[in-house]
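Engineer:
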Amino acid sequence: GIGPDATLTLLNGRRLAYGGLMQAVDISAIPVAAVDRVDIVADGASAIYGSDAVAGVGNVILKRDMEGAVVSARYGRASRGGLGTREYDATAGTTWSNGGLIATYRHTRIDPISVGQRSYTRHMDQPFVLYPGGDTRSGLLSAHQSLGGNAELRLDALRTTRDTVYYQTGPGIYYDQRSDSTTSFLAPLLEVGLARGWVLQVGGVRARDENIGRAWLVTKATGDSRLVSSLCRCNDSRSYEISAEGPLLELGAGELRLAAGAGYRSNELLNRNLSSGTQVHSEDSSRFAYAEVNIPLLDSSMGTSLARLLELTAAARMEDYDSFGRVTTPKFGVIYAPGSDLTVKASWGRSFKAPTLNERYGSLVAYLVPPGMIGGSGYGADDAVLLSWGSNPGLGPERATTQTISVAFHPERLRGLEAELTWFDIDYRERVVQPFAAFGQVLSDPAVAEFLRFSPTPEEQARLLAIYSGGFFNWTGKPYDPAKVVIIGHGEYVNAKTQRIRGIDLSGSYGRDLGSGRLTLRGSASWLDSSQQNTSGQAAFDLAGTIFYPAKVRSRLGLVWASGGFTASSFANYTGGVAYPALAQETASFTTLDLVLQYATARRRSAGTGFDLAFSIQNLFDRAPPLYRPMAITDAPYDSTNYSAVGRFPSITASWRWWTSA
1 GIGPDATLTL LNGRRLAYGG LMQAVDISAI PVAAVDRVDI VADGASAIYG
51 SDAVAGVGNV ILKRDMEGAV VSARYGRASR GGLGTREYDA TAGTTWSNGG
101 LIATYRHTRI DPISVGQRSY TRHMDQPFVL YPGGDTRSGL LSAHQSLGGN
151 AELRLDALRT TRDTVYYQTG PGIYYDQRSD STTSFLAPLL EVGLARGWVL
201 QVGGVRARDE NIGRAWLVTK ATGDSRLVSS LCRCNDSRSY EISAEGPLLE
251 LGAGELRLAA GAGYRSNELL NRNLSSGTQV HSEDSSRFAY AEVNIPLLDS
301 SMGTSLARLL ELTAAARMED YDSFGRVTTP KFGVIYAPGS DLTVKASWGR
351 SFKAPTLNER YGSLVAYLVP PGMIGGSGYG ADDAVLLSWG SNPGLGPERA
401 TTQTISVAFH PERLRGLEAE LTWFDIDYRE RVVQPFAAFG QVLSDPAVAE
451 FLRFSPTPEE QARLLAIYSG GFFNWTGKPY DPAKVVIIGH GEYVNAKTQR
501 IRGIDLSGSY GRDLGSGRLT LRGSASWLDS SQQNTSGQAA FDLAGTIFYP
551 AKVRSRLGLV WASGGFTASS FANYTGGVAY PALAQETASF TTLDLVLQYA
601 TARRRSAGTG FDLAFSIQNL FDRAPPLYRP MAITDAPYDS TNYSAVGRFP
651 SITASWRWWT SA
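Taken in order, the sequence shown gives residues 1 to 662; the numbers are from UniProt numbering.
This is the structure:
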């Protein structure tokens, strides 16, 4: 419920390049067979990892060693049509006396879902897609080589290409939009073991994301088309870092350990108009240093009745930006276990996030739309609204204060039971947001009224049209006439004055051996409350529980049965309803049921082969998303942020394994 731009994604501890237009990283191109685990830091971590880690960190850890190969194929298709998915994976690895290597390749093709394939969107103009199609190819390499003594050289490399096609429709016309992106990542690392248990690491990262987007305006009646937008956006990042970790001294409860490091990071963005040849280059860089200390105060070996475990952590990070100057972010944490059945964790910290170069210096797009397309009513047939959407060079950095408290229950007398309750509070200041949460609500959402300029003069319109660089999209089906424009809507990124996000997460599992197998009950639930204030003169308004923002309540509950090579699982998923304030509507909740059946041949402890087969059905009962009546004539009648239009989606996966040792 916080957004991907607030979470830092790492691959083996290194930053990837931002993808496309949004500050988000897509790791779906990495085959599961190459992944060892995903480490999650669920609270603010800017004091350790720097900008972007406001809500936490997800670190994808690849397998270090693998002997053999895995080849898999997957096919699935929505029962109501569309989303035909063909996925092919290959992963192979080998080791030698002082090193090892893993290589993977993945190819995925996905068909779009069009509005004509769902009964509740069939009234919308064709062609229009609810879910875009695409073609993705990805290759990954991870290797390590001992250099003798205590030194080791590691290398991770990733390259992904993705082609996406989607359509948007207006009166008498539609836009054929195509996006081709290429992501590359190269990260060498030298690790040296030092005396007294210390480890030194020196590494670098070179990451790049290139996105080429083109749009053609097509006249429905004649089929004539013309290119209206052709842009290339290149995100480039480089970083160099040296770090050390090890024990400082021995305390009664264990080692007091220190991790410290320093480095340099730079980001570049090149926006190039492929039609005109014009380009805009921007860059920013920062120097950083950080330290984290872990202080064990009590443990079970000390025989004290005060606690079974008590640890303190403290961290601080200093960053010096070319654009925003110097900032320091601290973090403090405590882990307390009064006995063997209960563990309490708490943390407090401050976070800092610089706006991306795309948010500051990317393209500005202009739209000319009929008022009814964006939630307006009572306007003339020839009236039009001129909207801007995109970057803002005047953006400042985001700051936040984060707090979390969690209680984990794991009773010794009831083996197999685990439960954890977490409360979190994130107090944002100056968070970068887009004023218009949804295109179809621009004229019906009172929260964005201050970003609308009524009865604009031709000169005001000319100033806006003089600076757009990402294309001019005319949805009216008529030539642009300044005299017909009744409103200008400014949708450039802005710094919201405040944003408050609070919530509670509950998760748990209980497993027992039954007969020849094991039955496990697993569940999770979350409650979210969030609000935002754009400017000092505006009242705060709700985000969570409002259409196109996260629902307030989500939960998931299911059973897993495992016996030998057979596993069966079924989970129910619940998403609460959301409000549509413009028309005082509220959607129903959304409950679906998923089913997975898997069979894996037993793995022998010598060279051989294995075969895995999995069959899954998402949304077993083919539930359609809860509907609402949108004001905008071009909006689909469901909330695509919270509910899915896929419906029942059966898929089958077959995997073949070859290995040379256990």
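The C-beta atom is built at its ideal place from N, Cα and C for all residues, glycine as well.
Measuring alpha carbon to alpha carbon, tell me which residue in A207, L248 and S229 is nearest A195.
Structural biologist: Answer by Cα proximity: L248.
Engineer: Can you tell me which of the three DSSP states A207 falls into?
Structural biologist: A207: strand per DSSP, three-state reduction.
Engineer: Is it buried or exposed, L386, if we count other Cβ atoms within 10 angstroms and call 16 or more buried?
Structural biologist: Buried, by the Cβ-count rule.
Engineer: Considering only residues of the same chain and omitting the five flanking positions on each side of residue 671, which have a CB-CB separation below 7 Å?
Structural biologist: For residue 671 there is no data in the structure shown, the boundaries of the chain being 1 and 662.
Engineer: Apart from the five residues on each side of it in sequence, which residues of its chain come closer than 7 Å, Cβ to Cβ, to F324?
Structural biologist: Taken in chain order, the residues that qualify are A354 and P397.
Engineer: Give the straight-line distance between the Cα atoms of S644 and G263, rounded to the nearest whole angstrom.
Structural biologist: So the two alpha carbons sit approximately 43 Å from each other.
Engineer: What residue ranges within the stretch 479-523 form continuous beta strand (DSSP E) runs of no fewer than 3 residues, ordered along the chain?
Structural biologist: Runs found: 485-492 and 494-514.
Engineer: Would you identify the three-state DSSP class for E67, choosing helix, strand or coil?
Structural biologist: In the structure shown, E67 sits in coil (DSSP, three-state: anything other than H, G, I, E or B).
Engineer: Applying the 10 Å Cβ sphere with the 16-neighbour rule, what's the burial state of F611?
Structural biologist: F611 comes out exposed.
Engineer: From which residue to which residue does the alpha helix (DSSP H) around A544 run?
Structural biologist: Looking at the DSSP string, A544 is not in any alpha helix (DSSP H), and its letter there is neither H nor E.
Engineer: Hey, quick one: how far does the alpha helix (DSSP H) through Q461 stretch, first residue to last?
Structural biologist: Segment P458 to L465, the alpha helix (DSSP H) holding Q461.
Engineer: Determine the extent of the beta strand (DSSP E) in which E319 is found, giving its start and end residues.
Structural biologist: Per DSSP, E319 belongs to the beta strand (DSSP E) from L309 to Y321.
Engineer: With C-beta atoms as the reference, is A551 less than 9 Å away from T520?
Structural biologist: For A551 and T520, no; Cβs fall outside 9 Å.
Engineer: Please specify which runs of the beta strand (DSSP E), each continuous and at least 3 residues long, are wholly inside the stretch 315-362, giving them in chain order.
Structural biologist: The stretch 315-362 contains these whole beta strand (DSSP E) runs: 325-337 and 342-353.
Engineer: Taking the continuous beta strand (DSSP E) assigned at H144, which residues delimit it?
Structural biologist: H144 -> beta strand (DSSP E) spans G133 to S146.
Engineer: Counting only the same chain and skipping the five closest in sequence on each side, list residues whose C-beta sits under 7 Å from that of G375.
Structural biologist: Only G440, Q441, V442, L443, S444, A582, M631 and A632 meet the Cβ criterion.
Engineer: Looking at L465 and R522, is the spacing between their C-beta atoms short of 9 Å?
Structural biologist: Taking 9 Å as the Cβ cut-off, R522 and L465 do not qualify as a contacting pair.
Engineer: Is A221 buried or exposed, if buried means 16 or more other CB atoms sit within 10 Å of its CB?
Structural biologist: Label assigned to A221: exposed.
Engineer: Measure the alpha-carbon distance for A346 versus I30 and round it to whole angstroms.
Structural biologist: Cα to Cα, the separation comes out at about 33 Å.
Engineer: Taking the CB atoms as reference points, tell me whether F548 and S651 lie closer together than 9 Å.
Structural biologist: For F548 and S651, no; Cβs fall outside 9 Å.
Engineer: Output needed for A408: all residues of its chain with C-beta closer than 6 Å, excluding positions within five of it in sequence on either side, in chain order.
Structural biologist: If we look at A408 and ignore the five residues flanking it on each side, its Cβ neighbours are T343 and E420.
Engineer: Would you call the CB atoms of S363 and G491 closer than 9 Å?
Structural biologist: The answer is no: Cβ separation not under 9 Å.
Engineer: Please return the same chain residues whose Cβ sits closer than 6 Å to the Cβ of D425, not counting the five positions on each side in sequence.
Structural biologist: Same-chain partners within the cutoff: Q403 and R502.
Engineer: DSSP three-state label for Q23, please.
Structural biologist: Summary for Q23: the model assigns pLDDT 47, below 50, so the residue's position carries little reliability; its value from the coordinates is reported in the next sentence. Reduced to three states, the DSSP call for Q23 is coil.
Engineer: Count the other C-beta atoms from every protein chain shown that fall within 10 angstroms of the C-beta of V38, then say buried if there are 16 or more, exposed otherwise.
Structural biologist: Classification for V38: exposed.
Engineer: Looking only at its chain, what residues have a beta carbon closer than 6 Å to the beta carbon of G139, apart from the 5 residues adjacent to it on each side?
Structural biologist: The answer, listed in chain order, is Y105 and R159.
Engineer: Provide the residue(s) that pair with H281 in DSSP beta bridges, ordered along the chain.
Structural biologist: According to DSSP, H281 bridges with L270.
Engineer: Give the DSSP-derived three-state secondary structure of Q403 in the structure shown.
Structural biologist: Looking at Q403 - three-state DSSP - the assignment turns out to be strand.
Engineer: Since I believe T169 is in contact with T634 (beta carbons under 8 Å), could you give me their beta-carbon distance rounded to a whole number of angstroms?
Structural biologist: Correct: roughly 7 Å between the Cβ atoms.
Engineer: Run through the DSSP bridge pairs and tell me what V199 is partnered with.
Structural biologist: G193 and E245, per the DSSP bridge assignment.
Engineer: In this structure, does DSSP put R604 in helix, strand or coil?
Structural biologist: The pLDDT assigned to R604 is 49, lower than 50, so where the model puts this residue is not dependable; a value taken from the coordinates is nonetheless given after this. Looking at R604 - three-state DSSP - the assignment turns out to be coil, as it is neither helix nor strand.
Engineer: Exposed or buried, which one is H281 when buried takes at least 16 other CB atoms within 10 Å?
Structural biologist: The residue in question, H281, is exposed, as its Cβ has fewer than 16 Cβ neighbours within 10 Å.
Engineer: So, under 8 Å CB-CB, I335 and E359 are touching, yes? Tell me the CB distance rounded to an integer number of Å.
Structural biologist: In fact, because the Cβ distance is near 36 Å, the residues do not count as touching under 8 Å.
Engineer: Classify Q23: buried if its beta carbon has 16 or more other beta carbons within 10 angstroms, exposed otherwise.
Structural biologist: Confidence is the limiting factor: at Q23 the pLDDT is only 47, short of 50, which leaves the residue's position unreliable, though a coordinate-based value still follows. Buried, since its Cβ has 16 or more Cβ neighbours within 10 Å.
Engineer: Let me see if you follow: with CB-CB separation under 9 Å, is A632 close to chain D or not?
Structural biologist: No chain D is present in this structure, which holds just one protein chain.
Engineer: Is it the case that the Cβ atoms of P93 and G100 are separated by a distance below 9 Å?
Structural biologist: At residue 93 the sequence reads Gly, which differs from the Pro that was named. Result yes, Cβ atoms of G93 and G100 sit closer than 9 Å.
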